[in-house]
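Residue numbers (the working numbering): 170 to 483. Reading through the structure tokens given below for one structure.
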């Protein structure tokens, strides 16, 4: 695991990132592609929490929901999956794929957290990276910071369309700012620059249950195996196999919460040869088994979001 220091005000702009654009045409094309990505992202407001932690205390989230976090006071360390990030006041963290995560207070600290879930199995959330990090959110994106704080401190209409619209807007503003700062992986918006790679990504999303191999995807992209693998990782930050798993888990989360399909049926639909293999992959990404995730989702649906911290604090 690595420690990511977020206290610098901006990300380094990669040669392939937005800072490298030399023409209004390329900038316009990138803006159109970003709009296309954001148009496919819809989120449902699940719950909220306000953590007030003394130095050394920690809060654990095991729900498997995606999460938006804003540090309002003190220093914290967030552990999510295999990543560790140290956050200061004003730092914002978006975990779109819902891994289990922990917030450790390095000093007396306060953190606001809003849990969300993607709407629909084809929501487009699979194209997002595992972590979206932004520093100084109240200064650079004051509207997003204000709306997030309002959801935690003032919101009085749980389970409403308004709540869903607000979290979708906050997430979209954060992703847009993350991209504009040059924080996105090189060539993240690859559709305009690499139609072959875009075709491979679209094929995964269209049929996540297929037993895709690197060779299969390279053929879709009309590329050599080695060249395709390198381009894919450069564009998404993930290997083709890890990206496929991420998309499958995103679909599984939606299927588990949207209906009563048996876990075995979902496993087969998403290309897993056994319930065990599916459960192992799902738990590795969410911190819960498929059955636990479905049960917790039912409980969350029946319980309005609360302002009290819902995670265990030690």
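We treat Cβ as the ideally placed atom computed from N, Cα and C, and that holds for glycine.
Beta-carbon proximity check, residue i vs residue j, cutoff 9 angstroms
i, j, result
"residue 389", "residue 404", "no"
"residue 398", "residue 414", "no"
"residue 294", "residue 210", "yes"
"residue 323", "residue 285", "no"
"residue 410", "residue 383", "yes"
"residue 205", "residue 287", "no"
"residue 378", "residue 289", "no"
"residue 232", "residue 385", "no"
"residue 297", "residue 268", "no"
"residue 340", "residue 212", "yes"
"residue 438", "residue 424", "yes"
"residue 402", "residue 432", "no"
"residue 238", "residue 256", "yes"
"residue 485", "residue 427", "Outside the modelled stretch of the chain, which goes from 170 to 483, sits residue 485, for which no answer is possible."
"residue 223", "residue 275", "no"
"residue 283", "residue 317", "yes"
"residue 321", "residue 218", "yes"
Residue i - partner residues in DSSP beta bridges
i, result
"residue 212", "287"
"residue 281", "219 and 239"
"residue 248", "253 and 271"
"residue 447", "For residue 447, which the question treats as bridged, DSSP gives no partner whatsoever."
"residue 262", "238 and 302"
Span of the beta strand (DSSP E), counted from its first residue to its last, around residue i
i, result
"residue 301", "301-303"
Segment limits, alpha helix (DSSP H) that includes residue i
i, result
"residue 318", "311-322"
"residue 351", "Element bounds for residue 351: n/a, residue is neither H nor E."
"residue 385", "383-389"
"residue 377", "Per DSSP, residue 377 belongs to no alpha helix (DSSP H) and is neither H nor E."
"residue 426", "409-427"
"residue 392", "Looking at the DSSP string, residue 392 is not in any alpha helix (DSSP H), and its letter there is neither H nor E."
"residue 436", "432-438"
Nearest to residue i (by Cα), restricted to the options the options
i, options, result
"residue 202", "231, 381 and 363", "363"
"residue 336", "270, 296 and 214", "214"
"residue 270", "227, 297 and 311", "227"
"residue 319", "216, 428 and 412", "216"
"residue 457", "317, 229, 338 and 379", "229"
"residue 248", "212, 299 and 380", "299"
"residue 220", "253, 273 and 331", "273"
"residue 208", "334, 254 and 395", "334"
"residue 400", "381, 375 and 367", "367"
| message | Would the segment 254-261 count as touching the segment 297-305 if we require 3 or more Cβ pairs under 8 angstroms? | response | Contact between the segment 254-261 and the segment 297-305 is present, because at least three Cβ pairs lie under 8 angstroms.
| Is the segment 391-405 touching the segment 342-351 in the sense that three or more CB pairs, one from each, lie closer than 8 angstroms? | Short answer: they don't touch.
| request: Assess, as a yes-or-no matter, whether the segment 371-387 is touched by the segment 328-345 under the definition of 3 or more beta carbon pairs within less than 8 angstroms. | output: no
| Stretch pair the segment 233-249 + the segment 268-286: three plus CB contacts closer than 8 angstroms | yes
| said: I want to know whether the segment 434-454 touches the segment 411-426 - three or more CB-CB distances under 8 angstroms. | reply: yes
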